[in-house]
């Protein structure tokens with residue numbers, strides 16, 4: 004019995020993705036390196052054996068399942084410092100591993116269709132949620148939206164030959180519609196792909212839609228050319244391809260193996276010579292993947308799902324519905340609850356998890372609403388915290404992380420400023436957390452040198468304070484607990500129920516006093532937040548929350564929307 008071509012291709016492409024993570028991004032975790040080497044060895048055995056020997060070997064499904072257990076273990080060990088695409092791969096790879104362990108790599112004709120359908124539904128949830136969560140008031144504000152930032156980068160890069168006046172005019176004409184257009188593109192992409200479960204034509208169209216979307220992301224100038232995201236997703240989406248078309252396309256390009264290998268060698272040599280960054284290498288990997296998957300889609304014929312009549316009555320395993328349900332719960336439920344923020348499918352969405360919901364349809368951050376008044380000792384209690392002033396280097400640099408000065412081209416923020424959005428326009432606390440941009444010296448501090456205030460939920464503030472005590476040892480910080488659990492931008496910037504001045508010396512609390520709006524002051528109580536920095540490990544493991552910047556316009560007024568703060 005032959006190994007299904009979709010599973011074989013899935014293994015090939017995820018091996019490339021894992022190798023890129025390890026070797027291009029210099030991630031030498033033993034678990035990741037072991038998983039990549041194991042994958043390569045399995046592939047060598049598969050490619051050197053006969054077609055039928057693969058699936059017929061008893062130990063092969065177990066060997067093939069090892070990488071799809073290894074990658075999830077690696078990403079879970081990295082939590083909460085992971086991207087959303089990392090958790091997508093955790094879910095789909097575990098689904099693949101369980102399938103291999105239960106049913107093997109082959110099976111009767113159409114047997115893998117249930118696995119393909121499951122992962123199809125899971126990715127539909129991820130992409131649909133990514134667009135749906137952008138349907139909020141702040142993302143739809145062109146002056147604050149992350150879509151506006153990307154638009155300015157594309158205009159100044161790809162229309163840079165136009166005069167500055169023409170670029171400004173283009174921006175004035177198009178920018179007001181960019182956020183709504185971004186929502187329409189991503190929501191329609193997710194919906195078309197989801198409809199592919201009913202009509203194979205929609206599956207093909209949705210897959211092309213997704214690949215082109217990732218290509219557009221890769222073509223966005225630095226630092227937003229997120230190529231690893233494209234490679235991670237595309238390599239897993241191979242399972243959705245039609246098996247017959249996949250086999251035919253593989254045979255077609257196999258006849259050009261020598262030429263393609265030579266071309267790849269030249270490309271790698273040029274990359275080394277040019278000193279490619281990791282994101283450039285990711286783009287180099289995505290291009291052949293993009294072209295190959297397009298070839299498979301165009302080779303496929305017919306308008307209905309290629310399921311023979313005998314397999315239509317095949318019973319889909321019950322646990323695959325659980326996998327799909329988990330993906331949809333993760334995509335929507337975790338954000339509604341506020342159990343997670345980083346690594347959920349709300350990237351670049353300007354979406355509020357704390358401080359009230361700005362979404363036009365669904366609530367967000369319900370845990371902070373339900374337990375906001377529960378007291379500082381409660382994991383989700385303490386309300387919303389505003390960091391106001393501090394001598395802590397850590398608290399100043401970790402959030403909200405202004406990256407406006409690294410946007411490429413450098414004219415992009417100039418364009419936004421002319422159009423009415425003053426600096427800073429692009430902040431990314433998530434990237435700073437995961438990549439250590441400021442801590443490791445990858446990104447210099449912004450030239451303005453200003454201390455930017457920000458808000459976080461109390462559970463994240465506890466993490467920040469604990470880290471600051473470990474890293475800075477001695478510092479002072481003034482922060483405020485905001486009244487209630489929800490409000491507008493003026494509320495985030497000015498309101499307070501109690502203001503705390505905390506002094507830390509040699510890693511211990513040296514002083515803590517509280518002031519109130521009525522002018523009274525008092526010492527901190529033992530029930531106050533500085534004495535309850537420990538949070539249950541599982542909450543810290545899954546929940547990493549952003550710092551929302553507090554910014555002002557050119558007239559000194561609080562901006563009406565949260566400025567783009569990254570994934």
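Numbering (this note's numbering), first residue to last: 4 to 570.
Every residue, glycine too, gets a C-beta built ideally from N, C-alpha and C.
Since this is a predicted model, take the numbers as computed values, not measurements.
Helix, strand or coil at residue i [DSSP, three-state]
i	result
residue 139	strand
residue 289	helix
residue 127	helix
residue 345	coil
residue 550	coil
residue 82	coil
residue 223	coil
residue 362	strand
residue 571	The structure shown does not extend to residue 571, since the chain spans only 4 to 570, so no value can be given for it.
residue 511	strand
residue 98	helix
residue 1	Within the shown structure, residues of the chain are numbered from 4 to 570, placing residue 1 beyond reach of any answer.
residue 30	coil
residue 333	helix
residue 215	helix
residue 538	coil
residue 15	helix
residue 92	helix
residue 448	coil
residue 116	helix
residue 497	helix
Residues that residue i bridges to, as DSSP identifies them
i	result
residue 555	561
residue 157	DSSP lists no partner for residue 157.
residue 402	DSSP lists no partner for residue 402.
residue 482	390 and 503
residue 64	Paired residue(s): none; residue 64 is not in a bridge.
residue 516	504 and 526
residue 459	388
Environment of residue i [buried if 16+ CB atoms lie within 10 Å]
i	result
residue 325	exposed
residue 387	buried
residue 451	exposed
residue 560	exposed
residue 266	exposed
residue 138	buried
residue 252	buried
residue 519	exposed
residue 567	buried
residue 555	exposed
residue 61	exposed
residue 537	exposed
residue 428	buried
residue 51	exposed
residue 430	buried
residue 434	buried
residue 516	exposed
residue 91	buried
residue 346	buried
residue 558	exposed
residue 23	buried
residue 456	buried
residue 105	exposed
residue 259	exposed
residue 122	buried
residue 286	buried
beta-carbon residue i near the ligand MG non-hydrogen atom, thresh 7 Å
i	result
residue 561	The model depicted lacks the ligand MG and carries no ligand whatsoever.
Cβ separation of residue i and residue j, assumed to be a contact under 8 Å, to the nearest whole Å
i	j	result
residue 154	residue 131	That pair is no contact at about 23 Å.
residue 481	residue 504	5 Å
residue 458	residue 383	Between residue 383 and residue 458 the Cβ distance is about 15 Å, and since that is not below 8 Å, they are no contact.
residue 1	residue 211	Only positions 4 to 570 of the chain appear in the structure, and residue 1 is not among them; the question remains open.
residue 358	residue 511	At roughly 31 Å, the Cβ-Cβ gap does not stay under 8 Å, so residue 358 and residue 511 are not in contact.
residue 337	residue 354	12 Å between Cβ atoms; not a contact.
residue 339	residue 87	Incorrect: roughly 16 Å between the Cβ atoms, too far for contact.
residue 496	residue 553	5 Å
residue 17	residue 75	With 8 Å as the limit, residue 17 and residue 75 do not qualify as a contact, their Cβ atoms being about 11 Å apart.
residue 239	residue 124	Actually they do not touch by this definition, with Cβ atoms about 13 Å apart.
Min CB distance residue i to chain C below 8 Å
i	result
residue 321	Any reference to chain C falls outside this structure, which holds one protein chain only.
Problem - Any 3 or more C-beta pairs closer than 8 Å across the stretch 219-231 and the stretch 145-160 - result: yes
Practice task
Take every Cβ of the stretch 442-462, pair it with every Cβ of the stretch 170-177, and state whether three or more of those distances are shorter than 8 Å.
Solution key: no
Exercise for the section: Would you be able to state if there are at least three C-beta pairs under 8 Å between the stretch 399-411 and the stretch 370-377? Expected result: no
Problem - the stretch 158-168 in contact with the stretch 80-98 per 3-pair CB rule at 8 Å - result: no
Practice task
Flag this pair as touching only if the stretch 518-526 and the stretch 408-422 have three or more C-beta atom pairs under 8 Å; answer yes or no.
Solution key: no
Handout entry: At least 3 beta-carbon pairs within less than 8 Å: the stretch 212-222 vs the stretch 232-240
Key = yes
Problem - Inter-stretch contact at 8 Å, needing at least 3 Cβ pairs: the stretch 118-137 / the stretch 189-201 - result: yes
Problem - At least 3 beta-carbon pairs within less than 8 Å: the stretch 243-257 vs the stretch 32-45 - result: no
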